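Notes follow once the structure below has been shown.
Residue numbers (this note's numbering), protein chains in the order written: chain U, 40 to 372; chain P, 40 to 372.
Take a look at the structure:
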C-alpha cells in the first residue's frame with residue numbers, strides 16, 4: 040500500500056487502555072511526511088510497530104491535555120532523542136502544553152538533542168486559523184466542545200499543479216528540454232517556429248483532499264462549518280446511543296451523533312473511534328453510525344485509511360471497461 | 040503457580056523500549072499483596088496483561104526519576120482511579136517525585152479518587168532505613184551510584200511464627216479448643232491434669248526471605264552491605280563487558296559486574312535486567328554473568344521468579360526419597 044495521503048490508527052481507546060485498544064494516537068502521512076495526532080501512552084511503541092520512520096516526522100498535534108491524549112509524549116520525545124533524531128520537531132496544542140512537557144523533561148533530567156518547539160494555540164484568535172503549513176499541506180485548528188480547552192484540526196492539501204500532458208507533447212515532437220517550461224504553463228516559440236500557447240500542455244489539476252480530526256467533543260453544530268466538505272472525517276464516538284446521557288455529562292459524542300456530523304458536513308467517509316472502555320465489542324458503534332451515514336469505518340489499531348477512500352468499482356463495470364481501456368501509462372510499465 | 044513471595048518482570052529495557060522489551064517495571068507479590076517497582080511507560084498494560092489485580096496493590100517504589108522508570112505513572116494512577124479503585128496507595132521515591140506527579144495530574148485535569156500519598160526518601164537520613172512495613176514484610180531503602188539521586192530497595196520478610204506441630208498435638212489427644220493457645224506458645228494444664236510446657240508444640244519457624252532491587256547503578260561496593268545475604272537480587276546489567284567504558288560513563292553496570300555484586304553479597308539467585316536498546320539478543324549477558332555467578336536468570340517480561348528460588352532435586356535423589364516419604368500433609372489432601 041503506497042498512498043500519498045493516509046491516516047493510520049495507533050490507538051482508539053477512551054480514557055484508559057481496554058481490550059487491547061491503546062489510548063488516542065494516529066499517524067497522518069502526506070507525501071511521505073508524517074504527523075502525529077495526539078500521543079496517548081504507548082504511542083512510541085505503536086509508531087514503531089507499524090514501521091513509521093522517525094526521520095519522516097515533522098510535527099505533533101495535541102487536541103487537549105487529558106492524559107489519554109498526552110501520556111505518551113515524554114517517552115516519545117525522549118526516545119526520539121535517544122535514537123539520534125536530529126531534525127526539528129514542532130508540537131501544536133492548547134495552552135499549558137509547553138509548561139507540562141518542559142516540566143516532565145526537566146524533572147526526569149532527560150535531554151532532547153533535536154530542536155523542539157512547542158507552539159500553543161491562541162484561543163483569542165479567530166478560528167479557523169492555520170497553525171502549520173508546508174509545500175503541499177496546511178493545517179488549521181478550531182475549537183471543539185469538551186470539558187477542557189480542546190481543538191480539532193483540518194489537514195488540507197494545497198491546490199495541486201495541473202497535470203502535464205506528457206503524451207501529447209511527445210506526440211507533437213516537442214524536445215524534452217522544453218518540458219519543464221511547459222509544466223509551468225509557459226508560452227513558447229520553438230526554434231522551428233512552432234508556437235505553443237500558455238498552458239497548452241496542461242490538463243486539469245488533480246483534486247485536493249482533506250482530513251478532519253475531531254476528538255474529544257460533545258456533538259454540536261458549532262464546529263461543523265470548519266470541516267464542511269472534508270474528504271475524510273475522524274470523529275470521536277465514545278458511546279453508543281444507549282449512553283447518550285453519559286455522553287452529554289462527559290462532553291462526548293455517540294456513534295449516531297458522529298454520523299450526524301459526517302452527514303451534515305458532507306464528508307465522503309467517517310472514521311469513528313475513542314471508544315469507551317466499557318465496550319468489549321464495537322459492532323453496535325458501527326451499526327448505529329451506518330444507520331445514519333453508510334460509509335463509516337471503525338478506528339481499529341493498525342488500520343490505514345487512504346484519503347480519499349479508494350473507489351471500489353462494481354466487478355461488472357470493471358470488466359466492461361477493460362475492453363476499451365484508454366492506456367495512459369508510460370510504455371516502460 | 041501459587042507462591043507466597045515472587046517477583047514478576049513487566050519491563051526490562053533501558054532508556055527506551057526495544058525489541059519487544061518495555062521499560063522498567065516489576066510486580067513484587069508477598070502474601071497476595073502487590074508492590075510495583077518502578078513504572079516505565081506501558082506498565083499499566085503489562086500489569087493487566089499478567090492479570091494482577093488493582094485491589095491487591097499497596098505501594099509503588101520508584102528508584103529514580105529517569106523517564107524509563109516513571110513515564111507509566113500518570114497513566115497507571117489515573118487508570119486505577121477510572122477503574123474505581125478506592126483503597127489508599129502510597130508511592131515512595133526520590134525528591135521531586137511528589138511535585139512531578141502532582142503537576143502531571145493537575146495539568147491533565149485528571150482526578151484521583153483514592154487516597155494517594157507520595158513519600159519522598161530523605162537523603163540526609165542514615166541508610167538503610169525502613170520506608171514501608173506491613174504485618175509480614177518490611178522495605179528498606181539505600182542509595183545507589185547513578186547519575187542522579189537513585190535508591191535501591193530491600194524487601195525483607197519479617198520473622199515468621201513457629202510452625203504448630205499439628206500431628207503431635209492430635210496424637211497426644213489435645214482438644215482442638217487449645218490449639219490457638221498452643222500456637223502462641225502458651226504453657227497449659229488441661230482439665231485432665233496433663234501439663235504442657237511453653238512452646239511444647241511449636242517447631243522451628245520457617246525461614247524468612249528477601250528480595251533486593253538495585254537499578255540503576257554503577258557497580259560499586261558502597262551498596263553491597265545493604266543487600267548482604269539477600270535471597271534474590273535484581274541487579275541492573277545495562278551492558279555486556281565489551282561496553283564497560285560506556286557503563287562507566289553512564290553510571291551503569293555490566294553483566295559481569297552484576298554477577299560480582301551477587302557473588303560478593305552472597306545471594307542465592309541473581310536476576311539481571313535493564314538491557315540497553317543496542318542489544319537484540321541477550322545470551323551474551325547470561326553467559327558473562329554465569330561465568331562469575333552460576334545462578335543467574337534474565338529478566339524476561341512475564342517471567343515469575345519465586346523467592347526463594349525453587350530447589351530442583353536431582354531426579355535420582357527424588358526417586359530414592361519417594362520410598363520412605365515422610366507424610367506431613369493433612370489426611371484430607
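Note that CB positions come from ideal geometry on N, CA and C, so glycine has one too.
Here the structure is a predicted model, which is why all the values come from computation and not from measurement.
Q. What's the gap between the Cα of residue 137 (chain U) and the Cα of residue 104 (chain U)?
A. 11 Å
Q) Quick one: any contact between the region 187 to 198 of chain U and the region 254 to 269 of chain U, if contact means 3 or more CB pairs under 8 Å? A) yes
**Q.** Residue from P:51, P:93, P:98 and P:86 with nearest C-alpha to residue 74 (chain P)
**A.** P:98
Q) List, in order along the chain, the chain P residues whose C-beta lies closer than 9 Å to that of residue 130 (chain U)? A) Residues of chain P passing the Cβ test: none, with the nearest at roughly 14 Å.
Q. Do residue 279 (chain P) and residue 291 (chain P) have their C-beta atoms closer together than 7 Å?
A. no
Q.
Within a Cβ cutoff of 6 Å, which residues of the same chain sit near residue 187 (chain P), ignoring the five residues on either side of it in sequence?
A. 103
Q. Count the other CB atoms within 10 Å of the CB of residue 341 (chain U); is the residue buried (16 or more) or exposed (fewer)?
A. exposed
Q.
Strictly under 7 Å for the Cβ-Cβ distance: is residue 80 (chain P) near chain U by that measure?
A. yes
Q: For residue 187 (chain P), return the contacting residues in chain U, with the cut-off set at a CB-CB distance below 8 Å.
A: 148
Q: Only counting runs of 3 or more residues, tell me where the beta strand (DSSP E) segments fall wholly within the region 261 to 285 of chain P, in order along the chain.
A: 271 to 275
Q) Based on the DSSP output, what are the partners of residue 189 (chain U) in its beta bridges? A) DSSP, once it has assigned bridges, lists no residue as partnering residue 189 (chain U).
Q | Beta bridge counterpart(s) of residue 69 (chain U) as assigned by DSSP | A | U:44 and U:72
Q: Flag residue 117 (chain U) as yes if its beta-carbon sits less than 7 Å from any beta-carbon of chain P, otherwise no.
A: yes
Q: Could you please give the first and the last residue of the uninterrupted alpha helix (DSSP H) stretch that includes residue 218 (chain U)?
A: 218 to 222
Q | Cβ-Cβ distance between residue 44 (chain U) and residue 235 (chain U) below 7 Å | A | no
Q. Is residue 271 (chain P) buried or exposed, if buried means 16 or more other CB atoms sit within 10 Å of its CB?
A. buried
(Q) For the structure I just gave you, are there three or more beta carbon pairs, one from the region 154 to 167 of chain U and one from the region 176 to 185 of chain U, closer than 8 Å? (A) yes
Q: Kindly indicate if chain U contains any beta-carbon less than 7 Å away from that of residue 380 (chain P).
A: Past the boundaries of the shown model lies residue 380 (chain P); chain P is included only from 40 to 372, so the question cannot be answered.
Q) Cα separation between residue 107 (chain P) and residue 327 (chain P)? A) 25 Å
(Q) Whole angstroms are fine: how far does the CA of residue 132 (chain P) sit from the CA of residue 155 (chain P)? (A) 14 Å
Q) In terms of alpha-carbon separation, which member of U:148, U:317, U:175 and U:59 lies closest to residue 123 (chain P)? A) U:317
Q: Starting from the C-beta of residue 384 (chain P), find all residues in its chain whose C-beta is less than 8 Å away, skip the five residues before and the five after it, and write them out in chain order.
A: No statement about residue 384 (chain P) is possible, as the shown extent of chain P runs from 40 to 372 and does not include it.
**Q.** Proximity test, Cβ basis, 7 Å: residue 162 (chain U) and chain P
**A.** no
Q) Between the beta-carbon of residue 244 (chain U) and the beta-carbon of residue 197 (chain U), is there less than 7 Å? A) no
Q. Is it true that the CB of residue 61 (chain P) sits closer than 7 Å to the CB of residue 79 (chain P)?
A. yes
(Q) I need the DSSP call for residue 322 (chain P), collapsed to helix, strand or coil. (A) helix
Q.
I'd like the list of long-range same chain contacts for residue 202 (chain P), defined as Cβ closer than 6 Å, with 5 residues on each side in sequence excluded.
A. 242
Q) Can you list the residues of chain U that residue 109 (chain P) reaches, using a CB-CB cut of under 8 Å? A) 147
(Q) Cutting at 6 Å between CB atoms, please list the residues of its own chain near residue 118 (chain P), excluding the five before and the five after it. (A) 83
Q: Work out the CA separation of residue 348 (chain P) and residue 285 (chain U) for me, nearest whole Å.
A: 50 Å
Q) What are the start and end residues of the beta strand (DSSP E) that includes residue 303 (chain U)? A) Where residue 303 (chain U) is concerned, there is no enclosing beta strand (DSSP E), although the alpha helix (DSSP H) it sits in stretches over 294 to 304.
Q. Quick one, which residues of the region 42 to 73 of chain P are near chain U if we go by CB-CB under 7 Å, in chain order?
A. 54, 55 and 56
Q | Below-7 Å beta-carbon distance, residue 319 (chain U) vs any chain P residue | A | no
Q. Can you name the start and end residues of the beta strand (DSSP E) that residue 249 (chain P) belongs to?
A. 249 to 253
Q) In whole angstroms, what is the alpha-carbon distance linking residue 176 (chain P) and residue 324 (chain P)? A) 32 Å
Q. Straight-line CA distance for residue 364 (chain U) to residue 207 (chain U)?
A. Reliability of the predicted coordinates at residue 364 (chain U) is poor, the pLDDT of 48 falling under 50, and the value obtained from them is presented with this limitation in mind. Spanning the two alpha carbons is a distance of roughly 18 Å.
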